[in-house]
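Order-wise, the sequence lines are chains L and Z.
Under my numbering, the final residue of the first sequence carries the number 309; numbering is consecutive throughout.
Under my numbering, the final residue of the second sequence carries the number 1309; numbering is consecutive throughout.
There are 2 protein chains.
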Amino acid sequence: MRLRKSARGLIRLGELGEDRLLEQLLPHLPRGKGVVAGAGEDSAVVNPPVGGDFLVLKTDCIIEGVHFLHGVNPHDIGWKAMMRPLSDFAATSAVPQFALITLITSAQTEVEWVKQLYRGLRRAARRFKVSIVGGETSSTPGPTAISASVVGFVEKDRWVTRSGGKDGDDLFVTGRLGAAMTRKHLQFVPRIAESRWLTKNFSIHAMMDLSDGLGVDLPRLARASKVGFKIEMENLPLNRGVKIDNAISEGEDYELLFAISPRDRDLLEREWQKKFPKLPLTRIGRLNRKSKIKDQKLPRGYVHFQQPG
Amino acid sequence: MRLRKSARGLIRLGELGEDRLLEQLLPHLPRGKGVVAGAGEDSAVVNPPVGGDFLVLKTDCIIEGVHFLHGVNPHDIGWKAMMRPLSDFAATSAVPQFALITLITSAQTEVEWVKQLYRGLRRAARRFKVSIVGGETSSTPGPTAISASVVGFVEKDRWVTRSGGKDGDDLFVTGRLGAAMTRKHLQFVPRIAESRWLTKNFSIHAMMDLSDGLGVDLPRLARASKVGFKIEMENLPLNRGVKIDNAISEGEDYELLFAISPRDRDLLEREWQKKFPKLPLTRIGRLNRKSKIKDQKLPRGYVHFQQPG
C-alpha cells in the first residue's frame, strides 16, 4: 500500500483509517517552541505561559451548510476554521499559541480533500505562529464539521473584556463592514496585530470581534458594560455597494469593535494612521448612560438557532 | 417570555436562540478556583499552572449514531462526552482543570434535552473538579455531536507517554475488559486517581487508556516504545460472559494499560490491593525485544473510518 503516492482524490477516508490518515498529516503540522509533545500522543503537552500571564482558551467550530457551502475550496475552509477562534484572541488582546483540531466528516470524504483542509489550517496557524498540537477525526453520516480549540496567553494588564465600557466612551471599528459573505469570510485575517498594538499603547475599556454583525454584537458589549449606545449611522464604514442594514446584520466581518476614552481620540487616530495606513479606523458612535428610553434599534445580526421573523 | 418556567420539553432550540440558551446554562456551570473569566466572554481566561509544570491539552468528541444512539439519556451522553478526554488525562497522569464544550445539534432539538446533557457534563466535570469555562452551540442539519476540549497540568517528573516501554517490562491493566458497550461506556469513571497514585509511587515506563480495544491500543503502545509484546491470553481480566476476542476488540473500556519494571511487581500488587481493593489490577503479559517474527496477532479493536474486512 503506497497511499501517499497514489492519493489523487480517489482514496476515501473509509479505505484509509484514522491511524494512517494521521500518519500522513502529522509530519506537516507546525510545531513551534513550547511544544513538548504534540499530535500523536494521548494528550498534547506544552510549556505554560511565563509567570504573571493569564492562560486564554477558546473553541470554535464551522459546519458545512451553515458556515461554508459544500463545494468550497477545502483550503479556505481550513483557513476559516483556524482564524475564527483566533479572532476571539484578537478580541481579548491575547496571543494564541497552541491549537487542537477536531474533524468530523463522512467516511466517503476524499483523503485529498482532508489534506487540502489541513493545508489551510496549517497556513492559518503559521500566520500567527500557532502550533497544531493535536488532531482528531471522527466519522459522521451528516455534514462535515471542523472545530479548533486554541490556547494562548495574555498579560494581566493587557487583557480586555466586553464589560469595561464607560458612559461617554468613543466606539471605534476597524476595517469596513458588510458583504463579508461573498468572499472575505473565508480569507479574513484576525486583527491580532492591531489588538496587541492597541493594548500596548492605549487603555482600551472594552473590546470584541464582530462575528455576528454589529447589530447583535454591539448590544452584547453594551449589555456587558451596563451602558447604552448611540451609533452615527452615516459614519459607518461600509464596503462598496453595501446597504447600512445589511452591513449591520450580515455578520462575519471579524473586525474589532472597541470602547476608549474620548480623551485618547486624537492621539489614537493619528498613531493608527501611521501604524496601519491601509486599514481604516472609524469612530462610529459612543456609549452613554443607560436610559429608560430603549436602546437604539439595530437590525439584528446572525444568531445561531434563531429563526428570522 | 418566561421560557425558564414553561420549558417542559416543548421548546426547541430554534425558538430560543443561542444567547438565551447560554443565559440559562451558564449560571450552573462549575467554576472553580483559577478561573478568571469563564463562559460568556469572548475567550476563557484562567490562571496557568504553577512554574515547572507542563500544560496538557486534549480534545475529544462523540457523535450520535457513532458513539451513542439516538434515544439514549442525554445526561449519560454529557457524562461520556466529558469523561472521554479526561481518560486521556489519566493516560498521561495529568490533572484536568478547565473544559470548553462544543455542542452541534439541530434547531429541532428540545431545550430540555440540552439542559439534561449539560447536567451530565457538569456532574462529570465536578467529579474531577474541572471548571467548564466556555460553551458554544451551533446548528446542524445532521446528527448531534458534542466535543469537549480540556486543559490541565502534569508535573514534569510525573508525565507518562506511550513511548517509554522497555524490553522485559510487565504489562498491567486495571479493571475488567469487554462488554463495555452494553452500559459501562456511558457511565465510566476515568482512572485519574489510579494513574496519579501510580506515578506518585512508582516509575511507570509507558501508559495509555484503552479506548479502541486492547487489540488496537497495545500495538500502538508497543510501536511507540519500539518493542514487541506477548500477552498471556488466559490471564486477561474479562467481564462476566465475555469472550476473549470480543474483550480485545470491542473497545470503550477506558481502563489503564501500563508498562513497569518487573522489579516493582510485588510491591505494586501489594500496595494496589491496599489502596484500590475493589479494582482488579492484572498482569496480562510483557513487552519484549522486537523480533523479526511478527508481533502476536490480536483481534483488532474499533478504528475510526476503517471498515471491517
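Built from N, CA and C at the ideal position, the CB exists for glycine as well.
In the three-state reduction of the DSSP assignment, residue 1275 of chain Z falls in the helix class. The beta-carbon of residue 1104 of chain Z is placed less than 8 Å from the nearest beta-carbon of chain L. The contact set of residue 217 of chain L on chain Z, defined by CB atoms closer than 7 Å, is empty, because the minimum CB distance reaches about 10 Å. With respect to the 8 Å criterion, residue 35 of chain L and residue 154 of chain L are not classified as neighbours on the basis of their beta carbons.
No Cβ-Cβ contact shorter than 8 Å links residue 1287 of chain Z with residue 1215 of chain Z. The Cβ atoms of residue 1147 of chain Z and residue 1102 of chain Z lie closer than 8 Å to each other.
Under the DSSP assignment, residue 1037 of chain Z falls outside any alpha helix (DSSP H), being part of the beta strand (DSSP E) whose first and last residues are 1035 to 1037. Between the region 128 to 142 of chain L and the region 161 to 181 of chain L there are fewer than three C-beta pairs closer than 8 Å, too few to call the two in contact. The CB of residue 1134 of chain Z comes closer than 8 Å to the CB of 57, 58 and 59 in chain L, given here in chain order. Separation of residue 1279 of chain Z and residue 1260 of chain Z (C-alpha to C-alpha, rounded to the nearest whole angstrom) is 18 Å.
Only those residues of the region 1073 to 1099 of chain Z whose C-beta falls short of 7 Å from the nearest C-beta of chain L are listed: 1088, 1089, 1091, 1092, 1094 and 1098. Against chain L, a Cβ distance below 9 Å from residue 1159 of chain Z picks out 36, 37 and 45. The alpha-carbon separation between residue 1100 of chain Z and residue 1135 of chain Z amounts to approximately 6 Å. Taking the Cα of residue 66 of chain L as reference, the smallest distance to any Cα among Z:1022, Z:1104, Z:1085 and Z:1044 is reached at Z:1104. The shortest CA-to-CA distance from residue 1016 of chain Z to any of Z:1049, Z:1231 and Z:1106 is the one to Z:1106. In this structure the region 1200 to 1217 of chain Z lies against the region 1246 to 1255 of chain Z, because at least three pairs of beta carbons, one per stretch, are closer than 8 Å. Taking residue 179 of chain L as reference, the option from L:79, L:156, L:211 and L:197 with the minimal CA-CA separation is L:211. Judged by their CB atoms, residue 205 of chain L and residue 164 of chain L are nearer to each other than the 8 Å cut-off. With a cutoff of 8 Å on beta-carbon distance, residue 1044 of chain Z and residue 1078 of chain Z are scored as not near each other. Under the 8 Å criterion on CB atoms, residue 1206 of chain Z is classed as non-interfacial with respect to chain L. Here residue 1181 of chain Z is actually not in contact with residue 1258 of chain Z; their C-beta atoms are around 24 Å apart, not less than 8 Å.
Residue 1151 of chain Z is positioned such that its CB atom lies closer than 8 Å to that of residue 1097 of chain Z. Across the structure, residue 1176 of chain Z and residue 112 of chain L are spaced so that their CA atoms are roughly 40 Å apart. The beta carbons of residue 1013 of chain Z and residue 1114 of chain Z sit about 7 Å from each other, so the pair counts as a contact at 8 Å.
By the criterion of a C-beta distance shorter than 8 Å, residue 1141 of chain Z is surrounded in its chain by 1106, once the five residues flanking it on both sides are discounted. Residue 1051 of chain Z places its beta carbon less than 8 Å from that of residue 51 of chain L. In the three-state reduction of the DSSP assignment, residue 1246 of chain Z falls in the helix class. Between residue 1145 of chain Z and chain L, the shortest Cβ-Cβ separation is below 8 Å. Three or more beta-carbon pairs drawn from the region 69 to 86 of chain L and the region 187 to 203 of chain L are found closer than 8 Å, and the two stretches are therefore classed as touching.
Scanning the region 142 to 202 of chain L from its first residue to its last, the whole alpha helix (DSSP H) runs of 4-plus residues come out as 192 to 201.
With respect to chain L, the C-beta atom of residue 1048 of chain Z has a partner C-beta closer than 8 Å. Residue-level contact by beta carbon fails for residue 1175 of chain Z and chain L, as no gap is shorter than 8 Å. In terms of CA proximity to residue 271 of chain L, L:200 leads the group L:119, L:232, L:138 and L:200. Rounded to whole angstroms, the gap between the alpha carbons of residue 240 of chain L and residue 1062 of chain Z is 43 Å.
At a cut-off of 8 Å, the C-beta of residue 53 of chain L has a neighbouring C-beta in chain Z.
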